[in-house]
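This report refers to the structure that appears directly beneath it.
Numbering (the numbering used here), first residue to last: 15 to 514.
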């Protein structure tokens with residue numbers, strides 16, 4: 015009997031050990047599976063596989079007008095909040111955040127935090143400010159009542175001209191003869207701009223071209239445009255016979271006609287599966303026109319506007335810890351005249367990214383956003399959140415040796431002194447901030463996808479070779495812009511992909 019009891023006790027003891035071993039094995043497997051879902055750093059520190067956090071600040075977000083943004087953010091590893099709580103990585107504000115939010119929230123940004131606007135962006139997106147930028151691509155304009163006498167003199171000299179009466183906002187437009195314009199207004203809330211009477215028409219319709227543009231830096235200035243496509247919108251009525259009272263003939267509204275509905279244009283667009291931009295360029299070439307000259311003039315105008323306004327951006331950014339936290343995408347809207355001259359009409363802050371009214375724009379908007387996020391570093395190429403990144407991780411992406419461009423830096427002359435202009439790009443001669451902005455430019459170039467640089471200006475290797483021998487034309491630039499331009503010249507000489 016005792017023998018049976020001892021055998022029973024032994025059986026249960028062994029059973030208990032088996033169960034205990036099974037539980038331990040299960041716990042170990044769970045731990046291993048959990049570990050596989052996390053990234054482990056070189057020193058054994060386990061990093062939480064958390065998402066990045068975007069703070070989306072926008073009115074009526076539930077209406078869906080930022081759905082494409084939210085979708086793309088989700089695809090690149092972001093979740094979002096609407097109240098600014100938490101340690102966010104990106105602030106995406108539909109409104110101008112520097113007046114819409116408490117300024118103290120933005121004055122002490124952490125190095126990894128990005129904001130989708132630049133202080134002072136109104137200097138190009140405000141209509142009255144833009145038209146005061148006196149460049150040949152912007153139609154002649156006068157602010158009322160300040161420029162009343164100058165306008166009357168112009169109207170007397172050119173009585174055949176028609177004029178667009180605009181408000182500083184994005185609504186309110188009418189074409190009038192000079193004698194129909196009310197000039198005795200008491201508030202400076204409108205301006206008068208020359209109407210382009212000879213627009214290029216496609217199938218009898220006037221149209222505009224929207225170019226998505228990104229400024230990633232000031233002091234030094236860096237500006238890119240989205241080259242994979244543009245927004246092309248046709249008026250809903252034929253231009254002729256012209257009637258100033260019928261805005262649908264010359265104003266592109268929200269109900270615009272898309273390219274896919276325009277005879278002679280849609281055949282290239284739909285059957286050829288080309289982008290809107292390439293469709294326009296192919297169409298112009300078929301008409302015997304110089305589409306390259308047209309596109310280059312658009313790029314040059316965008317570059318010129320930013321160069322003229324850079325000092326305004328620098329001054330507006332002075333109250334912030336760093337301007338490196340900011341980037342901004344806007345849309346430049348152009349029309350073409352029948353001589354193929356591109357006229358800049360306006361620059362839109364927070365351009366529409368909703369395809370609710372025109373669902374065929376969905377893919378383009380998502381590409382614009384995705385390429386923007388990679389260009390600016392908002393969409394990261396490492397799993398670890400930027401806020402926790404080590405210096406080793408940053409150097410893995412870009413280090414001092416990546417930004418070296420001039421062989422003279424190995425010479426005794428540059429190793430001993432930075433006095434010679436030849437040595438200005440040498441590592442020992444660059445200031446800390448200069449090394450940082452060169453590294454950011456390096457990363458932008460690698461991650462730009464279909465964005466292309468318009469400033470510093472693109473060049474050929476032949477042009478770069480000539481500039482490297484004579485830098486006289488760069489003497490008027492600020493020190494940061496001079497360093498930036500010179501660096502791109504040398505990068506272009508080494509590798510043609512850096513020329514544009």
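Glycine is no exception: its CB is placed at the ideal position from the N, C-alpha and C atoms.
All values derive from a computational prediction rather than experimental measurement.
{"Asked": "Selection from 223, 113, 332, 422 that minimises the alpha carbon distance to residue 12", "Found": "As displayed, the chain neither begins before 15 nor continues past 514, which places residue 12 out of reach and without an answer."}
{"Asked": "Status (buried if at least 16 other CB within 10 Å, exposed otherwise) for residue 383", "Found": "buried"}
{"Asked": "Neighbour-count burial assignment, residue 469, 16 or more Cβ in a 10 Å radius", "Found": "buried"}
{"Asked": "Extent of the continuous beta strand (DSSP E) run through residue 224", "Found": "221–231"}
{"Asked": "Completely contained alpha helix (DSSP H) runs for the segment 245–332, where each covers 4 or more residues", "Found": "290–300, 305–331"}
{"Asked": "N- and C-terminal bounds of the beta strand (DSSP E) containing residue 358", "Found": "356–363"}
{"Asked": "Any chain D beta carbon closer than 8 Å to residue 81", "Found": "Of the protein chains in this structure there is only one, and it is not chain D."}
{"Asked": "Nearest to residue 323 (by Cα), restricted to the options 71, 110, 139, 91", "Found": "139"}
{"Asked": "Residues that DSSP places opposite residue 66 in a beta bridge", "Found": "92"}
{"Asked": "Member of 464, 235, 252, 433 whose CA lies at the smallest distance from the CA of residue 502", "Found": "235"}
{"Asked": "Residues of its chain near residue 129, where Cβ-Cβ distance is below 6 Å and the 5 sequence neighbours each way are ignored", "Found": "105, 339, 340"}
{"Asked": "Counterpart residues of residue 344 in DSSP-defined beta bridges", "Found": "227, 363"}
{"Asked": "CA-to-CA distance, residue 79 to residue 370, given in whole angstroms", "Found": "8 Å"}
{"Asked": "Start and end residues, beta strand (DSSP E) containing residue 211", "Found": "Residue 211 -> no beta strand (DSSP E), and no H or E assigned at all."}
{"Asked": "Exposed unless 16 or more other CB atoms sit within 10 angstroms - verdict on residue 62", "Found": "Confidence in residue 62 is poor, its pLDDT being 38 and thus under 50, which makes the residue's placement too unreliable to answer from."}
{"Asked": "Contact set for residue 197: own chain, Cβ-Cβ below 8 Å, skip 5 residues either direction", "Found": "158, 159, 162, 165, 166"}
{"Asked": "Own chain residues within Cβ distance below 8 Å of residue 95, not counting five before or after", "Found": "67, 68, 69, 70, 102"}
{"Asked": "Exposure of residue 313, with buried meaning 16 or more beta-carbon neighbours within 10 Å", "Found": "buried"}
{"Asked": "8 Å contact criterion, which residue 237 and residue 331 should meet: CB distance rounded", "Found": "In fact, because the Cβ distance is near 15 Å, the residues do not count as touching under 8 Å."}
{"Asked": "Range covered by the beta strand (DSSP E) that runs through residue 158", "Found": "155–158"}
{"Asked": "Own chain, CB closer than 6 Å to residue 380, minus 5 neighbours either side, in chain order", "Found": "82, 86"}
{"Asked": "Sequence-distant residues of the same chain with beta carbon closer than 7 Å to residue 499, five excluded per side", "Found": "470, 488, 491"}
{"Asked": "Any 3 or more C-beta pairs closer than 8 Å across the segment 342–350 and the segment 210–229", "Found": "yes"}
{"Asked": "Where residue 145 sits in the DSSP three-state scheme", "Found": "helix"}
{"Asked": "Own chain partners of residue 134 with C-beta closer than 6 Å, once the 5 adjacent residues on each side are dropped", "Found": "326, 327, 330"}
{"Asked": "Other residues of its chain near residue 59: CB distance less than 7 Å, five sequence neighbours each side excluded", "Found": "Below a pLDDT of 50, predicted positions are generally treated as unreliable, and residue 59, at 33, falls in that range; no measurement from the model is reported."}
{"Asked": "Helix, strand or coil at residue 512 according to DSSP, with G and I counted as helix", "Found": "helix"}
{"Asked": "Segment contact flag, the segment 358–378 with the segment 251–264, C-beta cutoff 8 Å, min 3 pairs", "Found": "no"}
{"Asked": "Residue 463 to residue 419 span [Cα, whole Å]", "Found": "23 Å"}
{"Asked": "Limits of the beta strand (DSSP E) - the one that residue 369 falls within", "Found": "Run containing residue 369: none; DSSP gives neither H nor E here."}
{"Asked": "Residue 335 burial status per 10 Å Cβ neighbour count (16 or more: buried)", "Found": "exposed"}
{"Asked": "Residue 379 in three-state terms, based on DSSP", "Found": "helix"}
{"Asked": "Straight-line Cα distance separating residue 436 from residue 465", "Found": "31 Å"}
{"Asked": "Classification of residue 57 by the beta-carbon crowding that lies within 10 angstroms, buried from 16 upward", "Found": "A caution first: residue 57 carries a pLDDT of 35, below 50, which makes its placement in the model too unreliable to give a value."}
{"Asked": "Per-residue DSSP class, three states only, for residue 110", "Found": "coil"}
{"Asked": "Rounded C-alpha distance that separates residue 49 from residue 265", "Found": "Summary for residue 49: the model assigns pLDDT 46, below 50, so the residue's position carries little reliability, and this model does not support an answer."}
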